[in-house]
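Reading through the structure tokens given below for one structure.
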Amino acid sequence: MIMSKHFRSCIILTLVFLVILPQVAAASDVEWQILWQENGILQEEVKITGGDIVPRDQDWNIRREGNQYILYREVKNWSSYQELQDRLPIKIRERNYIVFKQTEIDIIDDTGGLFVQLNSLTGFHLTMVVPGIITGNYGDRISESSSNWFFSSSAELLKETRILKFITVDGLLMGIGIFFLGLLAIVIQFIRRLKKVGRIIEEEYSLKSIKPIDAKEQDTQEKTE
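Numbered per this note's numbering, the sequence shown spans residues 7 to 231.
Put into structure tokens, the structure is as follows:
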């Protein structure tokens with residue numbers, strides 16, 4: 007009976023957390039999202055509720071809905087992103103291997119522009135979608151190619167070191183590699199069969215070259231001797 011009560015209590019607490027957590031996430035004053043396309047383009051969107059901001063960069067498309075500012079822009083690549091003022095304090099490190107690339111996203115102590123203006127707001131929800139497969143346990147809510155973080159403020163992000171690591175597979179190189187491996191397997195199999203056929207032919211002709219001697223020929227040879 008006691009176990010049954012504890013079990014029901016656990017279920018109730020779980021349901022409460024499932025209901026409350028999405029509401030906490032939705033209540034964040036700042037929602038910052040970066041969508042990293044496969045072609046390298048970054049689609050960045052920032053939603054700010056209940057705060058006055060002064061963007062430094064001129065490439066933002068800004069609109070206002072009620073008391074919420076919505077900023078959106080597209081950046082050519084990460085090199086261009088690092089030159090902007092209204093950016094996240096992050097740094098990208100890439101390591102190229104034969105058929106895949108490993109990317110690490112680290113937090114750096116280099117803040118300014120829009121990010122600094124968000125410190126006074128409550129709740130900072132960061133979302134990153136990457137063109138690869140996330141490896142490791144990063145973020146509060148993770149899927150194969152996206153991760154979410156929920157902080158009490160934007161300043162809390164600076165306490166992190168590495169926020170994401172993922173791998174990107176080069177489909178073209180992998181396809182070429184698979185093709186050559188398949189071709190190599192076919193060649194090896196062909197050579198093995200060719201050698202087998204050669205042995206069979208050699209054994210067949212070696213048996214035919216031995217001419218049997220019948221009894222009459224053997225008697226004639228013995229009389230001659």
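Positions of the beta carbon are idealized from the N, C-alpha and C atoms, including for glycine. Remember, predicted model here, so these are calculated numbers, not experimental data.
Segment contact, 8 Å Cβ cut-off, at least three pairs: the segment 165-177 with the segment 128-144: yes
Extent of the continuous alpha helix (DSSP H) run through SER86: Numbered from 1 along the sequence shown, position 80 holds the residue referred to as residue 86. SER86 -> alpha helix (DSSP H) spans 84-88.
Member of GLN64, GLY145 and LEU94 whose CA lies at the smallest distance from the CA of ILE113: Walking along the sequence shown from the start, residue 113 turns up at place 107. Selected option, being the one with the closest Cα: LEU94.
Unbroken alpha helix (DSSP H) run spanning LEU120, endpoints: To locate residue 120, count along the sequence shown from 1; it is residue 114. Element bounds for LEU120: 119-123.
Nearest-angstrom Cβ-Cβ length linking THR128 and SER159, presumed shorter than 8 Å: Here the question's residue 128 lines up with position 122 in the sequence shown. Here the question's residue 159 lines up with position 153 in the sequence shown. About 7 Å; that satisfies the 8 Å criterion.
Which of helix, strand or coil DSSP assigns to SER160: Along the sequence shown, read from residue 1 onward, the residue named residue 160 stands at position 154. In this structure, SER160 counts as helix in the three-state DSSP scheme.
First and last residue of the uninterrupted beta strand (DSSP E) at GLU37: Position 31 of the sequence shown holds residue 37. From DSSP, the beta strand (DSSP E) with GLU37 extends over 36-42.
Nonlocal neighbours in the same chain, by C-beta distance under 6 Å from GLY119, ignoring five residues either side: Here the question's residue 119 lines up with position 113 in the sequence shown. Excluding residues within five positions, the ones whose Cβ falls inside 6 Å are ARG62, GLN91 and ASP92.
Rounded C-alpha distance that separates ASN102 from GLU208: Counting from one through the sequence shown, the residue named residue 102 turns up at place 96. Counting from one through the sequence shown, the residue named residue 208 turns up at place 202. One C-alpha to the other measures close to 52 Å.
Identity of the residue in ARG147, PHE196, ILE111 and VAL60 nearest LEU164 by Cα: Along the sequence shown, one-based indexing puts residue 164 at 158. The candidate whose alpha carbon is nearest that of LEU164 is ILE111.
Residue environment, ILE206, which counts as buried when at least 16 other CB atoms sit within 10 Å: The residue you call residue 206 lines up with position 200 of the sequence shown. The residue is exposed, with fewer than 16 neighbouring Cβ atoms inside 10 Å.
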